[in-house]
Amino acid sequence: MHESGIPHLREALLFLALAGILIPLLQRFRISNVLGFLVVGLVVGPFGLGRFAADLPWLSWLSFSGGPGVAALAEMGVMFLMFSIGLELSTERLWAMRRWVFGAGTLQIVVTAVAVGLIAARFGHAADTALLIGLILAFSSTAVVMQLLSARHELGTPTGRSVFSILLMQDLAVVPVLILVGTLGSPGGGGVTLSVAIALLKAAAAIAFIYLLGRRVIRPLFRWFAASRQADTFMALTLLSSLGIASLTFAAGLSMALGAFLAGLLLAETEFRHEVEVTIEPFRGLLMGLFFMSVGMGIDPAAILRSPGWLLAALLGLFALKSLVVAVLARAFGLATGRSVEAGLLLGQGGEFAFIVIGAALASKLLDAQLAASLMLLIGLSLFVTPLFASLGRALGERIERSRVAPAAGEVELPRGLDGHVVIAGYGRVGQLMSGLLDAQGIAWVAIDDRPATAARFHSKGLPVFVGDAGRAELLRRLGLDAARAVVLTMDQPAAALHALAALRQEWPALPVLARARDEAHAAELRRAGASEVVPETLESALQLGARVLDTAGLPEEAVARLVELERGRRQASWSAGGSRREAD
1 MHESGIPHLR EALLFLALAG ILIPLLQRFR ISNVLGFLVV GLVVGPFGLG
51 RFAADLPWLS WLSFSGGPGV AALAEMGVMF LMFSIGLELS TERLWAMRRW
101 VFGAGTLQIV VTAVAVGLIA ARFGHAADTA LLIGLILAFS STAVVMQLLS
151 ARHELGTPTG RSVFSILLMQ DLAVVPVLIL VGTLGSPGGG GVTLSVAIAL
201 LKAAAAIAFI YLLGRRVIRP LFRWFAASRQ ADTFMALTLL SSLGIASLTF
251 AAGLSMALGA FLAGLLLAET EFRHEVEVTI EPFRGLLMGL FFMSVGMGID
301 PAAILRSPGW LLAALLGLFA LKSLVVAVLA RAFGLATGRS VEAGLLLGQG
351 GEFAFIVIGA ALASKLLDAQ LAASLMLLIG LSLFVTPLFA SLGRALGERI
401 ERSRVAPAAG EVELPRGLDG HVVIAGYGRV GQLMSGLLDA QGIAWVAIDD
451 RPATAARFHS KGLPVFVGDA GRAELLRRLG LDAARAVVLT MDQPAAALHA
501 LAALRQEWPA LPVLARARDE AHAAELRRAG ASEVVPETLE SALQLGARVL
551 DTAGLPEEAV ARLVELERGR RQASWSAGGS RREAD
């Protein structure tokens, strides 16, 4: 029995204290959660304060000693992250991304592994060891990168989708890489190609079986239990679905994180998707924080001081090589140049799954202990500096796009005397239609779009369309927002619209903001975030079609108009309630 009566109670209390007290203080200084948890893990971990706990026993209550308990909970944090990512997708969207997943994702792994392997071979490593080092460093961190994209509301952007596609292929590649490690470590080491092919077939069969079984079981289960309207039952079923399917994939030889992703993908196609998101959010946030803290705990400052030059060179070399490979591939697959550079710097680090491969390689005696420790230190440091490289990538990408194709909002002189105008954020089909309506009424307008090619095409025709991120307050101010009549959010990416709305409400709380929503669930989110008016495109198209049906059925025109207006009001009341409560508060 543990001395406290509950295993790992002291570590749990310390973590909750840090998450509830210290991390909000770091946020006040604009330090990201990821970087904050990494720093805290470094300070209170076994190589920080924990190093002195043996001589000063009272420090044991202010430090972590690591151990299997922390590692297990940290792994669950990655699982819940993948589960929430699956909730934001659907099979249709995933199938639409297949070119990026299997094309760019596969090429990234192969090209990076070969390049790193050749460099390792030049430093005197044997061929199989060099290949293994290349595969280990080809992985990037799903946990860190997706958390950064989520915090920046960029999961739905072209950069976010391309980065996620490559990360997803890396997650799928963990199994064949582990099979390869086992084959290389076995006597004779023959049949590598056949072993990997068989592993891939088994993995594909397991995924297909789990997905088909889940479709037959999960939705009926949720409908049956949801009828009881008990929150604890719903939470238990949500946890059972995510952890149960993750266990099935683990039993099939796949990663538990992939199973959690499949569980989220299955629930994304049910009517319970948004309720599930709300249920798991507290678990995901806390456990992800624990994962980042565990990464910080694994960094030994003394080891860094023993060979700072080698580590710095290896770290910069890793980011340079991987960023170059990803950027070139992303550009070749159609991503804009600036966004390709941003994607490259986002994926320049090592990944958490590399630790699993290193452990398997140590057990198979393919890596010696010193080389394995050096690789783990390099990967841990790369995770630590990822937020800095991500910020650099974002700034560099925006600068490249502004200089390459079209003028940015901050670099163009707007029409003189601009006052009482409308700012259109997103100049796609809806934005173009909106500008035409405003022109017809003689109302001035300016537009901002994050796609350089789109902005350049219309700007060359003399239209006030500029390149920029509608979520950046300084760019919006350059568009004369202090004197604007209203802002219209027309972008078709829910995450981008919410990101822009948050910036608008922080700087211009009283300015009317009208938004286009994809559906009623998205409309409810926009209303809660502070949109003045929201128009769900699916609702309006359904109402217009319904009006035509009623008219064809012979109802009088006045009755049709009244019925449509009543239904519109009823629907709006259901998803506007959240926004009304927010305004009242």
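Here the sequence shown stands for residues 1 to 585, numbered as in the numbering used here. Using N, Cα and C, we set each Cβ at its ideal position, and we do this for glycine too.
field: Beta-carbon spacing of A327, V341 below 7 angstroms
entry: To locate residue 327, count along the sequence shown from 1; it is residue 327. To locate residue 341, count along the sequence shown from 1; it is residue 341. Yes, the pair counts as a contact, with Cβ atoms nearer than the cut-off.
- prompt: In whole angstroms, what is the alpha-carbon distance linking G410 and L481?
  reply: One-based indexing of the sequence shown puts residue 410 at position 410. One-based indexing of the sequence shown puts residue 481 at position 481. Its pLDDT being 47, under 50, G410 is placed unreliably by the model, and nothing is read from it.
Whole-angstrom distance between V276 and S247, CA atom to CA atom: Mapped onto the sequence shown, residue 247 falls at position 247. Mapped onto the sequence shown, residue 276 falls at position 276. Computed Cα separation, rounded: 19 angstroms.
message: So, with DSSP's three-state summary, where would you put I133?
response: The residue you call residue 133 lines up with position 133 of the sequence shown. Here I133 sits in helix by DSSP.
query: Sorted by chain position, which residues of the same chain lie with C-beta nearer than 6 angstroms to A503's C-beta, five sequence neighbours on each side aside?
result: Start at 1 with the first residue of the sequence shown, and residue 503 comes out as number 503. Taken in chain order, the residues that qualify are G471 and A473.
- prompt: Thinking just about the alpha-carbon of each residue, which of A130, L167, F37 and L377 is nearest to the one in A113?
  reply: If you number the sequence shown from 1, residue 113 lands on position 113. Residue A130 is the option with its Cα nearest to A113.
- prompt: Under 7 angstroms, do I218 and S242 count as touching if we go by C-beta distance?
  reply: Taking the first residue of the sequence shown as position 1, residue 218 is located at position 218. Taking the first residue of the sequence shown as position 1, residue 242 is located at position 242. No, Cβ-Cβ distance for I218 and S242 is not below 7 angstroms.
- request: Starting from the Cα of G160, find the closest Cα among G134, M97, A206 and T106 and give me that residue.
  value: As a working mapping, residue 160 is identified with position 160 in the sequence shown. Measuring from the Cα of G160, the nearest candidate turns out to be M97.
task: Spatial neighbours of A302 within its chain, please: CB distance less than 8 angstroms, with the 5 preceding and 5 following residues excluded, ordered by chain position.
output: Position 302 of the sequence shown, counting from 1, holds the residue named residue 302. Cβ within range, chain order: F47.
- request: Name, in chain order, the residues that DSSP records as bridge partners for F466.
  value: Within the sequence shown, the letter at position 466 stands for residue 466. According to DSSP, which records beta bridges pairwise, F466 is partnered with I448.
query: Going straight from the alpha carbon of I304 to that of I109, what length do you get?
result: Translated into the one-based positions of the sequence shown, residue 304 becomes position 304. Translated into the one-based positions of the sequence shown, residue 109 becomes position 109. Computed Cα separation, rounded: 28 angstroms.
- prompt: Looking at the structure shown, is E533 part of a helix, part of a strand, or coil, going by DSSP?
  reply: Here the question's residue 533 lines up with position 533 in the sequence shown. The answer is strand: DSSP assigns E533 an E or B state.
query: Hey, out of L168, W61, F123 and T142, whose CA is closest to F102's CA?
result: Here the question's residue 102 lines up with position 102 in the sequence shown. Closest option to F102, Cα to Cα, is L168.
- request: Please state whether DSSP places R485 in a helix, a strand or coil.
  value: Within the sequence shown, numbered from 1, the residue matching residue 485 stands at position 485. Reduced to three states, the DSSP call for R485 is coil.
task: Quick one: using the 10 Å Cβ neighbour count with 16 as the cut-off for buried, is G41 buried or exposed?
output: The residue you call residue 41 lines up with position 41 of the sequence shown. Buried, because 16 or more other Cβ atoms sit within 10 Å of the Cβ of G41.
query: In chain order, what residues of the same chain lie with their CB nearer than 6 angstroms to the CB of M79, ignoring the 5 residues before and after it?
result: Sequence index remark: in the sequence shown, residue 79 carries index 79 (1-based). Cβ within range, chain order: A246, M256, A257 and A260.
task: Compute the Euclidean distance between the alpha carbons of A263 and E75, then round it to the nearest angstrom.
output: Residue mapping note: residue 263 aligns to position 263 of the sequence shown, counting from 1. Residue mapping note: residue 75 aligns to position 75 of the sequence shown, counting from 1. Rounded to whole angstroms, A263 to E75 spans 16 angstroms at the Cα level.
- prompt: Would DSSP call A515 helix, strand or coil?
  reply: Position 515 of the sequence shown, counted from the first residue, corresponds to residue 515. Of the three classes helix, strand and coil, the one that applies to A515 here is strand, per DSSP.
query: Is the Cβ-Cβ distance between A390 and F291 less than 7 angstroms?
result: In the sequence shown, residue 390 corresponds to position 390, counting from 1. In the sequence shown, residue 291 corresponds to position 291, counting from 1. No.
task: Indicate the three-state DSSP secondary structure (helix, strand or coil) for A336 in the structure shown.
output: Here residue 336 is taken as the residue at index 336 of the sequence shown, counted from 1. A336: coil per DSSP, three-state reduction.
message: Quick check on I85: does DSSP put it in helix, strand or coil?
response: For the purposes of this step, residue 85 is taken as the residue at position 85 of the sequence shown. In this structure, I85 counts as helix in the three-state DSSP scheme.
query: Smallest Cα separation from A104: which of F250, L335 and L13?
result: In the sequence shown, counting from the first residue as 1, residue 104 sits at position 104. It is L335.
query: DSSP state of A54, grouped into three classes?
result: Mapped onto the sequence shown, residue 54 falls at position 54. It is coil, neither helix nor strand.
- prompt: Within 10 angstroms of its Cβ, does Q441 collect 16 or more other Cβ (buried), or is it exposed?
  reply: Working through the sequence shown from its first residue, we reach residue 441 at position 441. Q441 comes out exposed.
Among L396, D450, T454 and I379, the one whose alpha carbon lies nearest that of L137: The residue you call residue 137 lines up with position 137 of the sequence shown. Of the candidates L396, D450, T454 and I379, the one whose C-alpha sits nearest the C-alpha of L137 is I379.
- request: Just confirm the distance between the C-beta atoms of L172 and R215, as a whole number of angstroms; I'd bet it's less than 8 angstroms.
  value: On the sequence shown, residue 172 is found 172 positions in, with the first residue counted as 1. On the sequence shown, residue 215 is found 215 positions in, with the first residue counted as 1. Their Cβ separation, rounded to whole angstroms, is 20 angstroms, which puts L172 and R215 out of contact at 8 angstroms.
task: For the beta strand (DSSP E) containing I591, list its first residue and its last residue.
output: Here the chain comprises residues numbered 1 to 585, so residue 591 is not present and cannot be evaluated.
- request: Under 8 angstroms by Cβ, that's how I've got L62 and L9 pegged, so tell me the actual separation to the nearest angstrom.
  value: For the purposes of this step, residue 62 is identified with residue 62 of the sequence shown, where counting begins at 1. For the purposes of this step, residue 9 is identified with residue 9 of the sequence shown, where counting begins at 1. Not a contact, Cβ separation roughly 15 angstroms.
task: Evaluate contact between the segment 447 to 461 and the segment 416 to 433, counting only Cβ atoms and requiring at least three cross-stretch pairs below 8 angstroms.
output: yes
field: Endpoints, the alpha helix (DSSP H) within which F261 is located
entry: Within the sequence shown, residue 261 is the residue found at index 261, counting from 1. Element bounds for F261: M256 to L267.
query: Count the other CB atoms within 10 Å of the CB of S307; is the residue buried (16 or more) or exposed (fewer)?
result: To locate residue 307, count along the sequence shown from 1; it is residue 307. So S307 ends up on the exposed side.
task: Compute the beta-carbon to beta-carbon distance between V177 and V430, rounded to the nearest angstrom, for a pair I have assumed lies under 8 angstroms.
output: Here residue 177 refers to the residue found at position 177 of the sequence shown. Here residue 430 refers to the residue found at position 430 of the sequence shown. Their Cβ separation, rounded to whole angstroms, is 44 angstroms, which puts V177 and V430 out of contact at 8 angstroms.
message: With three or more C-beta pairs closer than 8 angstroms as the rule, is the segment 454 to 467 touching the segment 480 to 497?
response: no
- prompt: Roughly how many angstroms lie between the CA atoms of P536 and F272, to the nearest whole one?
  reply: Position 536 of the sequence shown, counting from 1, holds the residue named residue 536. Position 272 of the sequence shown, counting from 1, holds the residue named residue 272. Each residue's Cα considered, the two are about 20 angstroms apart.
- request: Return the chain-ordered list of same chain residues with a C-beta closer than 7 angstroms to the C-beta of S532, the five sequence neighbours on each side being excluded.
  value: Numbered from 1 along the sequence shown, position 532 holds the residue referred to as residue 532. Result list for S532: P512, V513 and L514, in chain order.
message: Suppose you measure from the CA of A510 to the CA of R223; what does that come to, to the nearest Å?
response: Sequence index remark: in the sequence shown, residue 510 carries index 510 (1-based). Sequence index remark: in the sequence shown, residue 223 carries index 223 (1-based). Going by the C-alpha atoms only, they are around 42 angstroms apart.
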